[in-house]
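Keeping their order, the protein sequence lines are chains A and B.
With the first sequence counted from 1, adding 145 to any position gets you this note's numbering.
With the second sequence counted from 1, adding 68 to any position gets you this note's numbering.
Even for Gly, the Cβ is constructed at its ideal location relative to N, Cα and C.
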Amino acid sequence: MSNLRQTLYHALLWLISLLFFSPVAWLMLSSFKGRNDILAVPAKLVFTPTLDNYVQLFERNGFLQQLLNSFIMSVAAVIVAVVVSFLAAFCFSRFKPKGTDFLMFLLLSVRMLPGTAVILPVYLMYVAFGWKDSHAALTLFYAMFSIPFSVWILKGFIDGVSLRFDETGLVNGASWWHVIFRVVLPQVRPGLIAAFIFNMIFVWNEFLFDYIIGGRKTANVPVALATGAYADGGVDWAFVSTLSTVYLLPPIIAIYVFQRYLLVGMTFGTVRGEV
Amino acid sequence: MPDIRLDAITRRFGQQVAVDNLSMTFDEWTVTCLLGPSGCGKTTLMRMIAGLETPTSGRIFFGEREVTHLPPRKRNIGMVFQYPVMYPTLTVRENIALPLDNNAGLDAKTCQARIDEVLNILQLGAVANRYIDQLDAGTRQKVAVARAVARQTDIILFDEPTTNVEVNAKLQLVRAFKEVAQRMRQTIIYVTHDQTEAMTLADQIALMRSGAIVQCDKPRALYNHPTTEFGGWFLGSPGMNFITAAVKGGRIEAPLFPAPIAAPSGIAEGEITLGLRPEALRLQAAPGAGTVPAVIEDISITIGGRYLFRLGIGGISVKVKHAGGAVSGLEMRRGATAHLECPPAQIAFFLKGQRVAAAAG
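In C-alpha cells form, the structure reads like this:
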C-alpha cells in the first residue's frame, strides 16, 4: 500500500473515531463549564474551566455512598463469581460430569435472558425473603448473573491447559488443591482477568436490578444518575456531565491497564496451546 | 517394598476393551517392561497402576495394601511421561525439590542429600541451576526422571519416556534409566514399544497384545522361546519366518529340508506352523549336508553390517540374517543361487498360534 493511501486511511479512521467520540468529549468538557456555558449556542470550545461542578457533586448528600456502593458491589460480586466459575469450569473441563454439554448450553441460554424478563419474579422473591435494599443480597444477585459467562470463558481457557499438567502433578504426589491452584490457575490467569473485567463492566453498568430490588441504602451510580438528572423543572446538565465523567473513569482506566488480557478473552477458545 | 499384584483387571472404554481380565504379579525390586504394539493396552494398564484410571472391574494390590480406589498421591508412586512437564520458572534443582518440599515428613538436609544423589546418578550436576527452557528434550526427560526418583517411592512407572527424544540422547537416557534401576531399590514398570529398549532394561518383559499379557519372561527366554506366533513375530528384527508345513506319519515335509524331519511327539496329522529365526538359518555358497538350493530375491544391509537376505525356495520366501561380511564364495546379487541350511534344533512349532513343543532334536 502506498504511503499516501495509508495516510488517507488513517485520516479517515481518525475522523470517524472523533465523530463518535464527540458526544463523550462534549459531556466531559461540560463538566468543567459553568452553568451558563454548558447550554450556550453555539457550543463554547473556549471557556474558563472550573471545578465547581465536582465540588458540588462530592458535597451532594449521599453521593459518596452511591459511588462506594457501585465499587463494593461490583468488586464483591465479581470476586464471588470468578471464584465459583473457576471451580465450576475446572470441574466441567476435567471431570466432564454427565450432561456437561447440556449444562454448558443451559448456562449460556440463561445468560441470554433479558433482565426485564426476570425482574418481576426476582422482585417478588426478594421482597418475600426480606432481602430488598441489602448489599449482600444484591451482590449475590450480580454474582449469579455473572457466573454463566465466566464459566464459559474459563472453561475455554482450562480446556487449553493440557491434562499432562494435572497428571504430572498427581503422580508426583500433588493433591487436587495443588493441581487446581498451583498448576492450572497460573496458566489461565489471562482468562481470570478477562472474566473479571467483563463482569466488572456489566455490574458497574447495571441499573435495572439496583433500581428495583435495591433501595436508598444500596443505590449505585447509574441509579443516582437517573434519579438526580432532573432538577428545577429541567435536566441538570452540570450534574449529569460531572457524574458521567466520574463514572466513566474507572472502566476506562481498567480497560487501558488490562487491554492485553481483554483481547485474549475476546478470542478465547480459538487458539489452543499444546505443550 | 511391595510387589504389584493385579487381580482380574478389566478396563473398558465404551464398547472397546483396553485391558481384558488380566491377572499378574510384578515382583518387588524388579524392572518389568510392558512391551507390545500400539493400542495393546499397555499404557492403560500402567495408568491404572498409577491411579490415573480406575479399572472397570478387578483389584490392584501393592504388597498387602489394596489401592484400587486410592488417588495417585496416596499410592506412593512416581511416574514419568512421554512429555516431561516442568515449572519453566524454576531451575532444575527447584523442580526436583518441589515435590519433596510438599512432603511434610522431610527435613531440609535430607531433601538436599536426596537431590544431590539423583543429580549425581543422572549426571545432571552441570545443569542443576539452569532453567527448563534452556535444556534439550533428552535432558528435560532426565530431570523428570530425577524428580520422580528423588521422592524414593516404592514404585516408579515409565510411560514411553524416550519417544520424543532423538536417537543419541535416547541411548544415554536408557543408560541413565539402567543406572537408576540398579542404584535405587524400587519396583519399576516401563512401558515401551521399542524392543531394544525393553531388552536392555528389563529383568522381565511382559509381552502384551489386545489387552492381555501373552507371555512374561526374562528377555533372553522370551526371545529364544516365544510361546506364541505373535511373540516370535514381534520380537527380533526382523521377526521369525513362519512356514506352514504338512505332518505325515510323524514326519514334516517342507521345501526347507532336503528330507522330511521328525515331528515333535504327540502331533496329529495335518498342518503345522514352523517358526524360524532369520539369524538361525545358515547360508553358504556350495551345497553341503542338509542344505537346499535357494534363489536370492533381495539383499539389504542392517545394523552392524549384517546382511539380510530374502530367499525363494519352492514357492515360499524366507528371511535370513547373516552375521559377518559377505558369504564367502557367494555371488551377492539378486537371482543368484545360494544354499540354505535349516538346523532342526532351532525350529519352533506352533499350532493355531500357540507353541506346541520344542524342537525334536
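Per DSSP, the continuous alpha helix (DSSP H) segment holding Arg-150(A) begins and ends at 148–175.
Three or more beta-carbon pairs drawn from the region 208–224 of chain B and the region 183–199 of chain B are found closer than 8 Å, and the two stretches are therefore classed as touching. Nearest CB-CB separation between Pro-229(B) and chain A: not below the 8 Å threshold. Taking the CA atoms as reference points, Leu-379(B) sits about 5 Å from Glu-365(B). Scanning its chain for C-beta atoms nearer than 7 Å, with the 5 sequence neighbours on each side dropped, one finds around Thr-111(B) the residues Asp-227 and Val-259, in chain order. Under a 10 Å Cβ-count criterion, Ala-170(A) is classified as exposed, with fewer than 16 other Cβ atoms of the shown protein chains found around its own Cβ. For Glu-399(B), the number of other beta carbons within 10 angstroms of its own is below 16, and it is reported as exposed. In this structure, the beta-carbon distance from Gly-304(B) to Gln-283(B) does not fall below 8 Å.
For Arg-309(A), the neighbours in chain B by C-beta distance under 8 Å run, in chain order, Phe-149, Tyr-151 and Val-153. At a cut-off of 8 Å between beta carbons, Asn-171(B) contacts chain A. In this structure Asn-317(A) does not touch Pro-152(B) by the C-beta definition: roughly 11 Å separates them, more than the 8 Å allowed.
Under the Cβ criterion of 8 Å, Ala-214(B) is not counted among the residues facing chain A.
The three-state reading of DSSP puts Asp-222(B) in coil, since its state is none of H, G, I, E or B.
Collapsing the DSSP output to three states places Arg-133(B) in a strand. Taken in chain order, the complete alpha helix (DSSP H) segments of 4 or more residues contained in the region 298–370 of chain A are 308–316, 334–349 and 353–358. Along the region 170–202 of chain B, going in chain order, the ones with a CB nearer than 7 Å to a CB of chain A are Asn-170 and Asn-171.
Gly-360(A) does not reach chain B, its nearest Cβ partner there being about 49 Å away, counting only Cβ pairs nearer than 7 Å.
Out of Pro-70(B), Thr-78(B), Asp-71(B) and Arg-73(B), the CA that lies nearest to the CA of Ser-278(B) is found in Thr-78(B). In this model, Phe-240(A) and Ser-175(A) are separated by some 55 Å (Cα to Cα). Close to Ala-319(A), with beta-carbon spacing below 8 Å, are these residues of chain B in chain order: Arg-141, Pro-167 and Asn-170.
DSSP places Ser-91(B) in the strand class (E or B) of the three-state scheme.
When Cβ-Cβ separations below 8 Å define contact, Ile-128(B) makes no contact with chain A. Here Gly-318(B) really is in contact with Ala-330(B); their C-beta atoms are around 7 Å apart, less than 8 Å. Annotated three-state conformation of Pro-412(B) is helix, per DSSP. Listed in chain order, the non-local C-beta contacts of Ile-338(A) below 6 Å within the same chain comprise Phe-403 and Tyr-406, local neighbours out to five positions each way being set aside. If you check each beta-carbon in the region 109–124 of chain B against every beta-carbon of chain A, the ones closer than 9 Å belong to Arg-115, Ala-118, Gly-119 and Leu-120. Counting the other Cβ atoms within 10 Å of the Cβ of Asn-163(B) gives 16 or more, which makes it buried. Here His-390(B) is bridged, per DSSP, to Tyr-375(B). Rounded to whole angstroms, the gap between the alpha carbons of Leu-258(A) and Val-267(A) is 13 Å.
Ile-329(B) has a beta carbon lying at 8 Å or more from every beta carbon in chain A.
With respect to the C-alpha of Phe-286(A), the residue from Leu-164(A), Leu-394(A), Gln-211(A) and Ile-224(A) having the closest C-alpha is Ile-224(A). In this structure Ala-270(B) is not in contact with Cys-410(B), their Cβ atoms being roughly 30 Å apart against a cut-off of 8 Å. Interface with chain B (8 Å Cβ-Cβ cutoff): Val-333(A) is excluded.
Contact between Leu-103(B) and Ile-273(B) holds: their C-beta atoms lie close to 5 Å from each other, under 8 Å.
Nearest CB-CB separation between Gly-82(B) and chain A: not below the 8 Å threshold. Within the region 260–342 of chain B, the runs of beta strand (DSSP E) at least 3 residues long that lie entirely inside it are, in chain order, 272–277, 280–285, 309–316 and 319–321.
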